[in-house]
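Note that the protein sequences, when read in sequence, are chains A and B. So the first sequence is numbered by our numbering: it starts at 13 and just counts up by one. So the second sequence is numbered by our numbering: it starts at 2 and just counts up by one.
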Amino acid sequence: MPRLLTATRRAALAALAAAPMALGLGVGPASAESVLRIVPHADLKNLDPIWTTAYITRNHGYMVYDTLFAQDEKLNIHPQMVGEHSVSDDGLVYTFTLRDGLKWHDGDPVKAEDCVASIKRWGQKDGMGQKLMDFTKELKAVDDKTFTLTLNEPYGLVLDSIGKISSNTPFMMKKEHAETDPNQQVPEVIGSGPFRFVKEEWVPGAKVVYAKNEDYVPRSEPASGAAGGKVVHFDRVEWIYIPDPATAMNALINGEVDLWETPAVDMVQLLEQDENVELAVIDPLGTQGWLRPNHLHPPFDNPKARQALLYAVNQAVYLQAIVGDPKLYKECAAYFICGTPNESDVGVGALQSHDPEMAKQLLAEAGYKGEKIILMQSTDIPVLNAAALVTAQVLRDIGMDVEVQAMDWSTLTSRRAEKKSPADGGWNIFHTYATGADATSPIANIGVSGGGVERAWFGWPTDEKTEMLRDDFAREADPMKKKAIIDELQGRLFDHVVPYVNYGQWFQPVAWRKGLKGVLVSPVPFFWNISKDSG
Amino acid sequence: MYAYIARRLLATLPVMAVVGIAVFLLLHLTPGDPAVVIAGDYARPEDIEKIRENLGLNEPLHVQFFSWVGALLSGDLGTSIFSNLPVAKLIGQRLEPTLALAIATIIFAILVAVPMGVIAAWRAGTLTDRVIMVFAVLGFSVPVFVIGYAMMWLFSITLGWFPVQGYKPIGEGFWPFLRSITLPTVALGIIYVALIARITRASMLEVLTEDYMRTARAKGLDNNALLIRHALRNASVPIVTIIGIGIALLIGGVVVTESVFNIPGLGRLTIDAVLRRDYPIIQGVILIFSGAYVIVNLVIDLSYTVLDPRIRY
């Protein structure tokens with residue numbers, strides 16, 4: 013009887029499913045255009061990837077703009093728009109020649125003067141760009157296709173900077189746009205990348221449309237990360253912003269979208285069970301969690317109190333709370349991301365010890381006497397919300413008096429700029445995270461800067477030795493010596509500075525419909541190289 | 002009557018002015034800084050300061066207010082701080098989905114709820130009445146997102162009748178439009194069905210006990226004429242009031258439905274703008290909402306004169 017009922021129900025469902033066809037409610041005629049529909053991680057709100065560091069704008073940048081150099085999936089830098097380049101024997105003069113066939117979307121040829129202006133604008137805004145500009149004596153166009161960069165002294169990160177994969181990525185723009193004040197948006201989106209931005213179809217908060225740039229000449233090498241040939245297999249790519257994760261999941265299961273960039277971790281199991289969906293981690297660097305203490309005010313102005321945090325934090329507890337699935341996280345104490353050449357195990361003992369008693373002792377030595385700790389909790393970002401709740405308990409367990417102040421992320425980002433004491437509207441702790449691509453080196457990782465109130469990131473760690481080691485790293489070209497600097501720097505960070513406490517590394521899977529091929533391994537999602545099985 | 006309409010329309014001006022001042026002050030005195038959001042998580046304080054300066058956010062509050070009001074008086078709602086697009090254009094992009102959803106929901110709710118309420122009153126105390134009232138209680142109690150996801154699972158994923166998400170403008174064809182709007186309309190409409198059915202039943206019950214109804218019954222009028230021409234018409238003033246309030250609520254209050262079905266309407270535009278402190282959008286949208294509330298209320302008041310000839314302005 014149950015089998016009969018099931019069969020009857022199936023027949024009824026099949027008949028119901030056929031009903032819309034009979035009523036003429038089926039999908040309209042198929043379009044000849046091939047379209048890749050993806051659900052991005054956020055809404056594209058603004059279009060200038062130099063004006064903002066927002067990752068969604070960076071991803072938009074990769075669609076429409078191109079870069080001089082690019083990072084492959086093994087983190088090596090390769091020429092992209094550049095055809096040939098050379099370095100003088102003294103290491104001071106870099107000469108770059110653009111490859112043939114580069115055109116802006118309005119048909120004009122890409123010229124060396126465009127690139128010079130673009131690097132200058134980026135160099136005013138980006139941390140690595142500013143560092144590069146500090147070492148730059150002159151940047152000038154030699155002819156239409158060639159330009160030179162002349163340094164004051166040898167600098168080991170020239171190509172790493174120009175080939176930087178994450179925000180702010182040095183995208184090349186037309187000269188007249190690149191001359192815009194970097195703190196104002198460029199007036200138009202004219203790139204030379206593999207896609208054109210279709211502005212008239214842009215609905216902020218809902219949809220972004222890109223059309224294939226038919227004039228784009230890809231490199232001949234196979235695509236790898238951001239490097240290699242950017243071969244586009246679709247006429248259009250549509251970014252359909254779906255803020256509700258359950259709806260995004262249903263849209264993917266139903267075949268209304270082809271790829272979902274950031275499936276919610278609690279939906280991964282459901283997606284794994286769907287035979288039409290494939291899941292993979294395409295960003296091997298993942299994301300690193302930061303518990304940021306305020307170095308300006310007690311108790312965390314005292315290094316011992318900051319070290320107490322290292323002993324108190326147990327990454328496994330945080331990762332369970334924010335990710336849950338052990339396949340998608342890794343306990344990793346290193347400041348410069350596990351799985352990269354800059355991974356180091358120097359000084360990691362305190363963070364790996366999980367010793368609350370030692371934490372209590374260090375707090376007592378730091379002179380902590382039960383003062384209130386203001387912990388800012390961002391309630392609208394699930395990962396940060398969970399991390400803040402864990403930290404509140406961790407601190408209470410070691411005897412701290414914690415006041416959790418709930419707010420949205422927007423409010424938190426304003427409040428964290430306050431340098432006043434916590435009692436006067438300042439703060440003691442907040443949480444954030446950085447993608448691995450932004451934390452792999454002492455220069456890219458803004459969280460380790462020890463530049464104090466003038467130059468360090470919010471929380472304002474102050475340590476001259478850290479700054480000196482970061483500069484040494486920037487100057488050094490020899491990989492072995494670089495590694496030695498990393499070890500020394502990380503030892504200094506753990507033993508004295510503790511700029512932030514790393515609460516773990518996790519990996520965001522990407523989900524797509526089976527039949528989609530060529531999704532590239534990279535910290536940034538790229539939509540060239542992807543094709544769809546016709547069957 | 003015309004003088005009344007003119008008076009009511011004039012009265013909207015001070016209302017809008019108060020709303021404008023209140024919204025402006027609330028927004029600018031609330032913590033949060035669009036420049037920080039724009040600059041991104043890793044921006045340096047000096048970059049944030051420069052962006053703030055370029056956006057005019059460092060100007061004294063009264064200067065910002067009067068510059069907004071000045072633009073408003075010349076018909077300019079301003080420009081989004083983030084997308085650099087005119088607020089009027091952004092609202093225009095979102096108006097059709099919101100209006101389509103609101104109108105479809107109200108039509109659906111009226112078509113289902115009024116007959117339900119009339120039948121429940123007519124059969125008061127019977128099983129039919131109880132079943133209808135149980136439905137009404139459920140309609141109130143089950144959150145719209147639960148209904149939405151359940152319908153999505155059944156009608157989209159299992160049966161494949163409707164898309165899971167998205168909105169197709171009516172300009173792209175009536176069937177695609179209808180397919181995109183059906184599930185959100187029903188999911189959102191159920192709560193309004195429940196609300197209107199209960200009010201209809203209550204009003205009808207009151208009217209059905211009136212002397213003139215007894216007289217009509219004694220004259221031998223059939224049930225249809227009795228219920229529709231005599232009872233429903235006299236019970237309609239509170240029903241129309243609740244429908245009007247429903248329309249006003251629908252214009253700005255459908256954020257959950259818009260999110261569940263991924264409809265790019267005004268509700269989502271407002272929430273997105275609030276989260277990132279896009280002041281010109283929030284100010285523009287709230288002014289539009291308040292204007293819509295005033296006009297809907299005016300239309301409801303005027304409809305009373307049609308429904309009840311005793312009411313005159």
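All C-beta atoms, glycine included, are put in the ideal place defined by N, C-alpha and C. Owing to the predicted nature of the structure, the values given are computational and were not obtained by experimental measurement.
In the three-state reduction of the DSSP assignment, Tyr512 (chain A) falls in the coil class, being assigned neither a helical nor a strand state. Exclusion of the five residues before and after Val99 (chain A) leaves Tyr106 as the residues of its chain whose Cβ lies within less than 6 angstroms of its Cβ. Counting only residues of its own chain and dropping the five nearest sequence neighbours on each side, Ala238 (chain A) has a CB closer than 6 angstroms to the CB of Ala82, Gln83 and Ile177.
Secondary structure note for Ile50 (chain A): its beta strand (DSSP E) is the uninterrupted segment Val47 to Val51. The beta carbon of Ala346 (chain A) lies closer than 6 angstroms to those of Glu355 and Ser356 in the same chain, with the five residues before and after it left out. Residue state for Ala223 (chain A) is assigned as strand, using DSSP reduced to three classes. Scanning its chain for C-beta atoms nearer than 7 angstroms, with the 5 sequence neighbours on each side dropped, one finds around Leu283 (chain A) the residues Met261, Pro275, Val289, Leu291 and Ala523, in chain order. In this structure, the beta-carbon distance from Arg269 (chain B) to Val256 (chain B) falls below 8 angstroms. For Ala429 (chain A), the neighbours in chain B by C-beta distance under 9 angstroms run, in chain order, Asp34, Val37, Pro46 and Ile49. Spanning the alpha carbons of Leu128 (chain B) and Val115 (chain B) requires a straight line of approximately 18 angstroms. Here Pro91 (chain A) is buried: its Cβ has 16 or more other Cβ atoms, across all protein chains shown, within 10 Å. For the options A:Ser534, A:Gly530 and A:Pro535, the alpha carbon positioned closest to that of His245 (chain A) is the one of A:Gly530. Taking the beta carbon of Met153 (chain B) as reference, the chain A residues within 8 angstroms of it are Thr259 and Asn262, listed in sequence order. A straight-line Cα-Cα distance of about 20 angstroms links Asp367 (chain A) and Lys342 (chain A).
With fewer than 16 other Cβ atoms inside 10 Å of its own Cβ, Ile22 (chain B) counts as exposed. Closest option to Gly359 (chain A), judged by alpha-carbon separation, among A:Val210, A:Met140 and A:Asp499: A:Asp499.
With 16 or more other Cβ atoms from the protein chains shown falling within 10 Å of its own Cβ, Leu169 (chain A) counts as buried.
Neighbourhood of Ala40 (chain B) in chain A, by CB distance below 8 angstroms: Thr64 and Thr65, in chain order. Among the residues facing chain A, Asn55 (chain B) is included, as its CB has a counterpart in that chain under 8 angstroms away.
By the Cβ-count criterion, Leu112 (chain B) is exposed, with fewer than 16 other Cβ atoms from all chains shown falling within 10 Å of its own Cβ. Listed along chain A are Asp256 and Thr259, each with a C-beta nearer than 9 angstroms to that of Phe262 (chain B). According to DSSP, Ser390 (chain A) shares a beta bridge with A:Met419. Two segments are said to touch when three or more pairs of C-beta atoms, one from each, lie closer than 8 angstroms; by this definition the region 263-273 of chain A touches the region 44-58 of chain A.
For Lys149 (chain A), the uninterrupted beta strand (DSSP E) run begins and ends at Thr148 to Ala153, by DSSP. Here Tyr150 (chain B) has Val261 as same chain residues with Cβ atoms under 8 angstroms from its own Cβ, once five neighbours each way along the sequence are excluded. Under the rule that a run must span 4 or more residues, the alpha helix (DSSP H) segments found entirely inside the region 27-93 of chain B read 35-40, 46-55 and 62-74.
Contact between the region 151-171 of chain A and the region 181-198 of chain A is absent, with fewer than three C-beta pairs closer than 8 angstroms.
Proximity to Pro46 (chain B) across A:Glu476, A:Val465 and A:Lys149 peaks at A:Val465, based on C-alpha coordinates.
In this structure, Ile312 (chain B) sits away from Pro185 (chain B), with a CB-CB distance that is not shorter than 8 angstroms. Around the beta carbon of Pro61 (chain A), 16 or more other beta carbons lie within 10 angstroms, which makes this residue buried. In the same chain as Arg9 (chain B), and ignoring 5 residues on each side of it, the C-beta atoms closer than 6 angstroms to its own belong to Leu299, in chain order.
The C-alpha of Arg95 (chain B) lies about 27 angstroms from the C-alpha of Lys224 (chain A).
In the DSSP assignment, Glu233 (chain A) falls outside any beta strand (DSSP E), carrying neither H nor E.
Proximity to Val88 (chain B) across B:Ile301, B:Ile282 and B:Phe66 peaks at B:Ile282, based on C-alpha coordinates. For Glu188 (chain A), not one C-beta of chain B is nearer than 8 angstroms to its own C-beta.
The beta carbons of Tyr167 (chain A) and Gly217 (chain A) sit no closer together than 8 angstroms.
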